[in-house]
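Heads up: the structure comes next, in structure tokens.
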Amino acid sequence: MALLHAHSWECMESELELFTLPPTQTTIESAQWVHYKPISSLTDDSPIEFVVPGNGDEYLDLAHTMLSLRVQLCSKDASAAAALSKAAYLDLAHTMLSLRVQLRSKDASAADALSKAAPVNNLLHSLFNQVDVFLNQKLVSPPNNAYAYRAYIETLLNYGPAAKGSHLSSVLWYDDTPGHMDDTAGKNMGLANRQAFVGKDKTVDLIGHVHYDVFNQEKFLLNGVELRLQLVRTRDGFSLMDPNNACSLHITEATLLVRRAKISPGILIAHSKMLSKTTAKYPLTRVEVKTLKMYAGLHGGTMDN
């Protein structure tokens with residue numbers, strides 16, 4: 001019993017509950033998806049910030065909170081950028097992280113440059129190097145700039161070939177060809193597949209989940225707690241493979257999709273009484289991504305825990 005947490009009770013696995021019937025859920029009366037727009041203007045060099053107010057009696061389902069983005073791939077040429085700014089896009093009413101990427105240019109030289117550019121693997125998450133999460137203006141996420149690496153590693157290790165070859169294409173996940181990951185001449189089949197989606201005059205929609213600890217647990221967020229997300233962009237050289245360095249990615253629209261659940265009045269009263277005595281508990285599986293410099297000629301290293 002020494003291994004038990006001070007605030008944790010003993011329980012029994014459902015496989016051993018042989019003399020009872022499964023319980024009936026009556027505490028969540030309904031749920032709806034609410035779309036929130038950024039509170040700041042969308043620019044290539046500024047963070048994208050969302051604010052989800054905590055007013056009302058509804059709880060937030062953090063595990064199903066999603067981000068919707070509309071992204072444009074265009075030439076750095078001024079005339080091509082002006083032409084691309086007139087393109088129209090449609091919002092995706094899906095409960096996932098969504099990107100709409102379009103490659104379009106009327107300038108011949110710019111069109112040739114666009115045909116040689118292609119996004120990196122896992123594009124949806126490779127667009128951001130840091131995601132800060134605030135609850136009531138208190139930072140609850142570790143401050144680091146390795147979000148894209150975490151999302152890539154978690155996707156790589158947590159999903160099998162069947163998922164990577166099917167629904168993970170929604171984040172533009174296509175495995176790179178071993179030995180040709182930096183090849184833009186056609187030997188990298190994964191790069192060729194991704195390039196086919198963002199070719200000239202094409203639009204691609206991407207959708208997926210946010211990779212952070214607070215969104216990887218199933219407990220609802222209490223009402224009265226303000227949720228704030230701040231997403232920091234990566235540079236184009238990180239998320240885009242462009243041999244001519246003539247293209248860039250632009251986010252033209254962003255939406256945060258939040259599932260708000262209506263809780264039964266009895267549960268709301270019970271939670272209110274408990275909060276007058278103690279605090280809510282949110283156990284998290286903490287994930288840390290650290291960087292280690294490996295200099296030329298070295299084949300190993302040691303990093304302090």
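Going by the UniProt record's numbering, 49 is the number at position 49 of the sequence shown; the sequence numbering is gapless. We put the CB at the ideal spot given by N, CA and C, even for glycine. Remember, predicted model here, so these are calculated numbers, not experimental data.
Burial state of residue i (16 or more Cβ within 10 Å)
i	result
Y174	buried
N136	exposed
M241	buried
N245	exposed
G190	buried
A82	At A82, the pLDDT of 41 sits below 50, so the modelled position is not reliable and the matter cannot be decided from this model.
E58	buried
F19	exposed
S166	exposed
D205	buried
M12	exposed
A254	buried
residue 306	Here the chain has residues from 1 to 305 only, and residue 306 is not among them.
Pairwise C-alpha distance: residue j and residue i
i	j	result
L231	L16	45 angstroms
L172	L249	15 angstroms
E10	A270	22 angstroms
P119	D304	34 angstroms
T203	F197	7 angstroms
V151	F238	A small correction: the amino acid at residue 151 is Ala; Val does not occupy that position in the sequence shown. Their Cα atoms are separated by approximately 14 angstroms.
L84	G266	With a pLDDT of 34 at L84, under the threshold of 50, the predicted position of this residue should be treated as unreliable, though the coordinate-derived value follows. Computed Cα separation, rounded: 54 angstroms.
T291	T234	17 angstroms
T155	T184	23 angstroms
G160	N144	28 angstroms
G54	D45	29 angstroms
L69	S272	36 angstroms
In DSSP terms, what residue i is bridged to
i	result
F19	Beta-bridge pairing links F19 to no other residue.
Y36	L256
L135	K138 and L227
P119	L240
Cβ-Cβ separation, residue j to residue i (assumed contact under 8 angstroms), whole Å
i	j	result
Y212	V131	6 angstroms
A117	N129	With a Cβ gap of about 20 angstroms, A117 and N129 do not count as contacting.
L229	L62	Not really, about 11 angstroms apart at Cβ, beyond 8 angstroms.
H64	R259	4 angstroms
Threshold first: 3 residues or longer. Then list the beta strand (DSSP E) segments lying entirely within the region 46-82, N to C.
Here the runs fully enclosed are 48-52 and 59-75.
Can you give, in chain order, each stretch of the beta strand (DSSP E) that sits fully within the region 217-286 and has at least 3 residues?
Here the runs fully enclosed are 227-233 and 247-263.
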